[in-house]
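Heads up: the sequence shown runs through residues 180 to 733, numbered per my numbering.
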Amino acid sequence: MGPVLAGVLQLLALIAALALAYVPLGNYMAKVYSSDKHWRVEKWIYKGIGANPNTEMRWPAYLRGVLAFSAVSVVFLYLLQRLQGHLPGSLGFKSIDPDQAFNTAVSFVTNTNWQSYYGEQAMGHVVQTAGLAVQNFVSAAVGIAVAVALVRGFARSRTGELGNFWSDLVRGVTRILLPLSVVAAIVLVACGAIQNFSGIHEVGQFMGGHQQWNGGAVASQEAIKEVGTNGGGYFNANSAHPFENPTPFTNLFEIFLLLVIPFALTRTFGIMVGSIRQGYAILATMATIWVGFIALMMWTEFAHHGPALQIAGGAMEGKETRFGVGASSIFAVSTTLTSTGAVDSFHSSFTGLGGGITMLGMQLGEIAPGGTGSGLYGMLVMAIIAVFIAGLMVGRTPEYLGKKIGTREIKFAACYILITPALVLIFTAAAMALPTPGHSMTNSGAHGFSEILYAYSSAANNNGSAFAGLNADTQWFNSTLGLAMVLGRFLPMVFVLALAGSLAEQKPVPATAGTLRTEKPLFTGLLVGAILIITGLTYFPALALGPLAEGLAS
180 MGPVLAGVLQ
190 LLALIAALAL
200 AYVPLGNYMA
210 KVYSSDKHWR
220 VEKWIYKGIG
230 ANPNTEMRWP
240 AYLRGVLAFS
250 AVSVVFLYLL
260 QRLQGHLPGS
270 LGFKSIDPDQ
280 AFNTAVSFVT
290 NTNWQSYYGE
300 QAMGHVVQTA
310 GLAVQNFVSA
320 AVGIAVAVAL
330 VRGFARSRTG
340 ELGNFWSDLV
350 RGVTRILLPL
360 SVVAAIVLVA
370 CGAIQNFSGI
380 HEVGQFMGGH
390 QQWNGGAVAS
400 QEAIKEVGTN
410 GGGYFNANSA
420 HPFENPTPFT
430 NLFEIFLLLV
440 IPFALTRTFG
450 IMVGSIRQGY
460 AILATMATIW
470 VGFIALMMWT
480 EFAHHGPALQ
490 IAGGAMEGKE
500 TRFGVGASSI
510 FAVSTTLTST
520 GAVDSFHSSF
530 TGLGGGITML
540 GMQLGEIAPG
550 GTGSGLYGML
560 VMAIIAVFIA
570 GLMVGRTPEY
580 LGKKIGTREI
590 KFAACYILIT
600 PALVLIFTAA
610 AMALPTPGHS
620 MTNSGAHGFS
630 EILYAYSSAA
640 NNNGSAFAGL
650 NADTQWFNST
660 LGLAMVLGRF
670 LPMVFVLALA
680 GSLAEQKPVP
690 ATAGTLRTEK
700 PLFTGLLVGA
710 ILIITGLTYF
720 PALALGPLAE
730 GLAS
């Protein structure tokens with residue numbers, strides 16, 4: 180079997196698995212967020228945190244819950260790292276420096292999981308399990324909660340109430356993320372991923388020195404890392420490490436895990452707004468972009484330019500031989516089109532155009548299918564923009580799901596889509612203009628510029644993957660990337676929740692002959708075009724200086 184055929188067959192198997200999980204998981208999540216009953220363990224949690232899960236919240240109160248919980252999480256994780264040297268189970272590792280502790284705390288709380296450190300050489304068992312793993316669960320649950328709040332904004336009318344943040348947060352963890360992660364961890368352990376609390380072991384000689392490995396609760400961390408579209412790994416090699424991702428099957432399984440909730444949430448959306456076909460339209464948009472990006476990636480990485488690539492069967496530099504070009508391409512596209520950031524290959528070693536595809540996937544806003552929750556609410560904001568554009572073309576007030584898209588709604592949507600590009604481009608320009616940040620670049624020219632652009636695209640879009648050629652463990656990058664993560668996560672949430680509140684206050688508008696049918700393929704095509712055009716106009720000059728210049732020169 181040729182490598183191209185193997186890659187295509189893996190893609191088809193992945194699509195089949197996602198299709199099988201789509202309906203039951205989507206239905207289940209809709210039931211979770213529509214139920215008025217609380218599990219006993221959930222009642223204990225509400226009592227412990229002093230929250231009333233039955234109190235409906237308007238969008239300012241919902242937002243205060245999101246921000247307060249996230250702020251407390253940042254402080255807790257920061258202090259845990261700063262005290263690591265005094266905690267049991269630290270494996271002898273010292274406390275984390277202030278700038279790196281800030282960067283890591285912000286990274287995991289914002290669901291970015293950017294790591295400017297070697298996981299196996301910096302974090303002990305307590306920080307990994309009580310700190311990082313916990314944030315993998317709750318940060319993902321926060322994203323789903325905000326998405327559900329926006330969906331309720333479309334589904335409800337003549338009320339500003341969007342549900343209860345604390346109830347949505349706890350249910351996301353106890354009823355969705357935790358059960359899926361337990362099953363996934365068992366599968367990973369059965370396939371060879373490690374799960375222990377062992378210390379540091381010397382395993383042999385390596386290039387004249389001693390090689391050491393430490394154990395850890397790797398399989399359980401890996402499970403929620405993918406299920407919650409987090410991305411932070413125990414080891415610096417991330418999902419390319421055999422302790423995290425031992426076989427081609429686990430590789431495909433991990434891709435499935437990082438995609439299954441974001442895709443299934445479109446079904447949840449359709450059920451909650453009372454139109455399954457609307458969910459299918461959003462799903463079709465996401466799937467079209469995802470499959471298209473994978474096809475482009477495979478084409479660039481399988482292209483044979485020179486004898487070395489011909490012998491290897493594709494651009495194998497930086498890729499695991501046990502996965503190959505096809506599986507690595509699927510993983511790279513899936514992890515950058517979601518907010519996962521896990522990697523099973525080094526994106527810096529991809530072809531120039533291949534690296535550009537990973538970068539563009541993040542710059543789209545990670546909406547195909549995006550992160551847990553963040554992908555859905557990002558796509559719904561883009562749907563509002565597409566409906567507005569269609570309304571301008573035919574000269575009538577735009578409507579979406581029975582709600583008028585007026586001046587107030589379009590301002591919220593416009594602010595949402597402008598925040599992240601502004602962060603990416605401003606921070607990239609500052610890093611290139613100042614003398615010190617440039618010293619962190621391993622390469623010069625177009626590829627060096629791509630390292631900087633990729634880092635800020637990853638941070639501001641809460642992805643977390645890296646181009647692997649940039650030394651980001653400096654005060655400048657730890658601070659500015661941390662700031663980009665915070666602003667890139669929470670400023671968009673402000674406008675999403677404000678938009679949800681505005682939509683919930685409206686009364687339904689009856690459909691007429693002039694209403695754009697947003698469940699039809701025509702709208703799907705319009706939405707795909709709007710996403711690509713808006714992103715292209717925003718980022719094309721920067722991409723032309725980096726990956727496009729490198730790709731055309733090779």
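Every residue gets a Cβ at the ideal spot worked out from N, C-alpha and C, and that includes glycine.
Reduced DSSP category for residue i - H, G, I as helix; E, B as strand; rest coil
i    : result
H526 : helix
K216 : coil
K273 : coil
R335 : coil
E578 : strand
K583 : strand
M302 : coil
M611 : helix
M208 : helix
V406 : helix
A690 : coil
W293 : coil
Q279 : helix
L695 : coil
F719 : helix
P232 : coil
N415 : coil
G680 : helix
G627 : helix
G181 : coil
Q685 : coil
Distance, residue j Cα to residue i Cα
i    : j    : result
P425 : G371 : 6 Å
N417 : N650 : 17 Å
L497 : I365 : Note that residue 497 is Gly in the sequence shown here, rather than Leu. Those two C-alpha atoms are separated by around 29 Å.
S249 : S513 : 26 Å
L270 : V288 : 24 Å
A608 : P267 : 43 Å
G410 : G520 : 5 Å
L431 : I509 : 9 Å
I546 : A625 : 27 Å
P135 : S507 : There is simply no residue 135 to check, as the chain begins at 180 and stops at 733 in what is shown.
F591 : L184 : 45 Å
A569 : Y296 : 47 Å
G415 : V313 : Residue identity differs from the one stated: residue 415 is Asn in this sequence, not Gly. Straight-line Cα distance between these residues: approximately 20 Å.
V395 : A320 : Looking at the sequence itself, residue 395 is Gly, so the reference to Val does not match. About 24 Å.
I323 : S553 : 7 Å
L475 : T447 : 30 Å
N282 : G581 : 42 Å
G648 : S623 : 11 Å
S399 : V362 : 10 Å
I564 : I631 : 29 Å
F812 : G540 : As displayed, the chain neither begins before 180 nor continues past 733, which places residue 812 out of reach and without an answer.
G617 : N290 : 27 Å
Q542 : G533 : 14 Å
L670 : A247 : 14 Å
A601 : A663 : 10 Å
G342 : V349 : 13 Å
Terminal residues of the alpha helix (DSSP H) in which residue i lies
i    : result
G471 : 455–481
R446 : 427–451
E423 : No alpha helix (DSSP H) holds E423; DSSP gives it neither H nor E.
P267 : Looking at the DSSP string, P267 is not in any alpha helix (DSSP H), and its letter there is neither H nor E.
G310 : First-last for G310: undefined, no H or E at that position.
A732 : 726–732
L516 : 503–516
A372 : Looking at the DSSP string, A372 is not in any alpha helix (DSSP H), and its letter there is neither H nor E.
Strand pairing of residue i, partner residues [DSSP]
i    : result
I379 : N393
R237 : E340
K498 : S524
M620 : L649
Those runs of the alpha helix (DSSP H) which lie wholly inside the segment 519–574 and span at least 4 residues: 531–542, 553–573
Within the segment 633–673, ranges of the alpha helix (DSSP H) (whole runs, at least 4 residues): none
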